[in-house]
């Protein structure tokens, strides 16, 4: 399949989603209220917002790991019900299977789909892609956070999913590793053209990576606004446009106070 | 100002560094694992103590009717072993470390042998037949080696068959209980109740239910292994983090994959806890059931020897049990380390 072919696939349509959690005492929490988004094929879209805004819930709904009370999600006009390997998911804490080594973790998708024998050679390719050559036989506890997350990414990508769902995959990493992996992510996305939905609360990350940014607000979780990022890639983190966009988002998230006092006077 | 601060800081830094070096060099010398690693005295003393035991056995007059030949040969073999190990340790660091580590311990063991010998064959101080000398126990072991061997093989056959069936049944039912709500609802109460009953309490009932004591014994061992393995397997599955199942499902896993590639491997640490709990219980069940109703095996041997008031044989079979059961335990630990290799580092 060529990149052009892939790009035609992977459109997500989310309409009228409501998700309410009811706890043991019977009290209700509205995690998502009337959420509507259309994601274009091959688009890199980010969900950002404070904790409790339902961004992870929305991602889990797309993955089929959770069910909404009302509303529909469809991928390429097929309704989502339950999980499917076409919707790959990368978890916050790599979530590699600790009892399998790197090689078997990355191969897990092929084994689960019973196509391991035919596609065995893919495994080596994805190990190399994740920069884990030489660590095939290592167990997850022997890997650094960045390595584990790269393995986790490779594990999701080996299934060649139409949509890649990323649940704060870089949130637990140190900033050097995070920036490094952001570039890796962008490189993979450019090469493969997979529709990507990223959940994060890192404003820099959002501006650096996204085509579109969905800003969400909590209690009840809903979409505040959707912003197009019309910056050329690769994006310079210190460019004026970048900083302007960053400030814009911080303002929308009410994280910039006008009353900030400067730290020092000249 | 700047210059001053640097001149003040420098010596401080320097002294800190030299202190650090001191600590690390001490750490290298201090070995946390080995006992008296560099002792030159104890490795020699352990040999001398066993030589003393041999001398006591040969030159102090004996007051009991015992063939001391096996005991003396045993001591000579032990002395030979330690001499050889001391020689090897001159060239091999690892051997030296473990030789030195154990030297003081074996020295005391040798003293205890001398004490035992003095209180029995040399003085007749401890009442016979209840407290025979080691010499007599070894004499019996040599004389009765064939019967002991056959008894051991019978016991092992029973243990291996019962343990294998029990583990498999325990695993299967544990996985079913841990995975399916229906199985949990109907079977878990049974496990809970059966689990608290000592299996040996069933012996009178099993003896008439089963056509032969052999099948009854196998059933008892299966039963005592089944409970801890099933319980720990189901417990292990229930406690696996949900996110592993979620990850597998997003990768396209079906239920079969979830059970065999996530639930079972994830529950393995817990399953092994169940297995070695079961091992201990199964030894007890084996011996008790053999003592009560069997016609072969180490438990039977104990009971048979007791009825002849031959306590030396009782001790002989206890020694054999210690050796055989330790080997079984070691094998199980070896298998566990192999299976749970992914956990290494997590454990320590």
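Chains as they are written, first to last, in my numbering: chain A, 1 to 266; chain L, 1001 to 1348. For glycine and all other residues, C-beta sits at the position ideal for the given N, C-alpha and C.
{"Check": "For the pair the region 16-36 of chain A and the region 161-181 of chain A, tell me if three or more CB-CB distances fall below 8 Å.", "Outcome": "no"}
{"Check": "For residue 1065 of chain L, count neighbouring Cβ atoms within 10 angstroms of its own Cβ and tell me buried if that reaches 16, exposed if not.", "Outcome": "exposed"}
{"Check": "Output the distance between the C-alpha atoms of residue 247 of chain A and residue 218 of chain A, rounded to the nearest integer angstrom.", "Outcome": "20 Å"}
{"Check": "Residue 133 of chain A: which of A:151, A:192, A:181, A:116 sits nearest, CA to CA?", "Outcome": "A:151"}
{"Check": "Output the distance between the C-alpha atoms of residue 186 of chain A and residue 93 of chain A, rounded to the nearest integer angstrom.", "Outcome": "20 Å"}
{"Check": "Report the three-state DSSP secondary structure of residue 1310 of chain L (helix, strand or coil).", "Outcome": "coil"}
{"Check": "My understanding is that residue 1161 of chain L touches residue 1218 of chain L, with C-beta atoms under 8 Å, so please give their C-beta distance in whole angstroms.", "Outcome": "6 Å"}
{"Check": "Pair every Cβ in the region 53-70 of chain A with every Cβ in the region 1204-1217 of chain L, then say whether three or more of these pairs are closer than 8 Å.", "Outcome": "no"}
{"Check": "Counting pairs of Cβ atoms below 8 Å between the region 1227-1241 of chain L and the region 1172-1180 of chain L, do you hit three or more?", "Outcome": "yes"}
{"Check": "Which word fits residue 1073 of chain L, buried or exposed, when buried means at least 16 other C-beta atoms lie within 10 angstroms of its C-beta?", "Outcome": "exposed"}
{"Check": "Answer yes or no: the CB of residue 1174 of chain L versus the heavy atoms of the ligand COA, is any distance below 7 Å?", "Outcome": "The model depicted lacks the ligand COA and carries no ligand whatsoever."}
{"Check": "Closest to residue 199 of chain A by C-alpha separation, out of A:253, A:235, A:250, A:55, would be which residue?", "Outcome": "A:55"}
{"Check": "May I ask you to report which of helix, strand or coil DSSP gives residue 198 of chain A?", "Outcome": "strand"}
{"Check": "Just reading off the alpha helix (DSSP H) that residue 122 of chain A is part of, what are its end residues?", "Outcome": "120-129"}
{"Check": "Relative to the C-alpha of residue 227 of chain A, which candidate in A:131, A:18, A:39 has its C-alpha closest?", "Outcome": "A:39"}
{"Check": "Just to make sure I have the definition right: I need the residues of chain L whose C-beta is within less than 8 Å of the C-beta of residue 89 of chain A. Which are they?", "Outcome": "1246, 1247, 1250"}
{"Check": "When Cβ atoms are compared, which residues of the region 1249-1269 of chain L fall closer than 8 Å to chain A?", "Outcome": "1249, 1250, 1251, 1252, 1253, 1254, 1257, 1261, 1262, 1265, 1266, 1268"}
{"Check": "Quick one: what's got a C-beta closer than 8 Å to residue 57 of chain A's C-beta in the same chain, skipping five residues either side?", "Outcome": "19, 31, 32, 66, 221"}
{"Check": "Taking just the CA atoms, how far does residue 1220 of chain L sit from residue 10 of chain A?", "Outcome": "59 Å"}
{"Check": "Report the three-state DSSP secondary structure of residue 1047 of chain L (helix, strand or coil).", "Outcome": "helix"}
{"Check": "May I have the straight-line CA-CA distance separating residue 1262 of chain L from residue 1279 of chain L, to the nearest angstrom?", "Outcome": "26 Å"}
{"Check": "Against chain L, which members of the region 128-155 of chain A pass a CB distance test of less than 9 Å?", "Outcome": "139, 140, 141, 142, 152, 155"}
{"Check": "Looking at the C-beta of residue 108 of chain A, does it have a partner C-beta in chain L at a distance below 8 Å?", "Outcome": "yes"}
{"Check": "Report the partner residues of residue 44 of chain A according to the DSSP bridge assignment.", "Outcome": "A:196"}
{"Check": "Identify the contact partners of residue 1342 of chain L in chain D, using a Cβ-Cβ distance below 7 Å as the criterion.", "Outcome": "The structure shown contains no chain D; its protein chains are A and L."}
{"Check": "Under 8 Å: do the region 1122-1130 of chain L and the region 1304-1320 of chain L share three or more Cβ pairs, one atom per stretch?", "Outcome": "yes"}
{"Check": "Nearest-angstrom Cα distance between residue 1094 of chain L and residue 202 of chain A?", "Outcome": "53 Å"}
{"Check": "Suppose only complete runs of 4+ residues qualify. What are the alpha helix (DSSP H) ranges in the region 1197-1260 of chain L, listed by chain order?", "Outcome": "1203-1209, 1213-1238, 1242-1250"}
{"Check": "Are residue 1153 of chain L and residue 1269 of chain L closer than 8 Å when you measure CB to CB?", "Outcome": "no"}
{"Check": "Looking at the structure shown, is residue 1066 of chain L part of a helix, part of a strand, or coil, going by DSSP?", "Outcome": "coil"}
{"Check": "Kindly indicate which three-state DSSP category residue 1296 of chain L falls into: helix, strand or coil?", "Outcome": "coil"}
{"Check": "Say whether chain L places a C-beta atom closer than 8 Å to the C-beta of residue 248 of chain A.", "Outcome": "no"}
{"Check": "Jot down the residue ranges of each uninterrupted alpha helix (DSSP H) in the region 29-73 of chain A, minimum 4 residues, whole runs only, in chain order.", "Outcome": "55-63"}
{"Check": "Counting only beta-carbon atoms, is residue 1243 of chain L nearer than 8 Å to chain A?", "Outcome": "yes"}
{"Check": "Just how far apart, CA to CA, sit residue 242 of chain A and residue 208 of chain A?", "Outcome": "8 Å"}
{"Check": "Which class does residue 240 of chain A belong to by DSSP, given the choice of helix, strand or coil?", "Outcome": "helix"}
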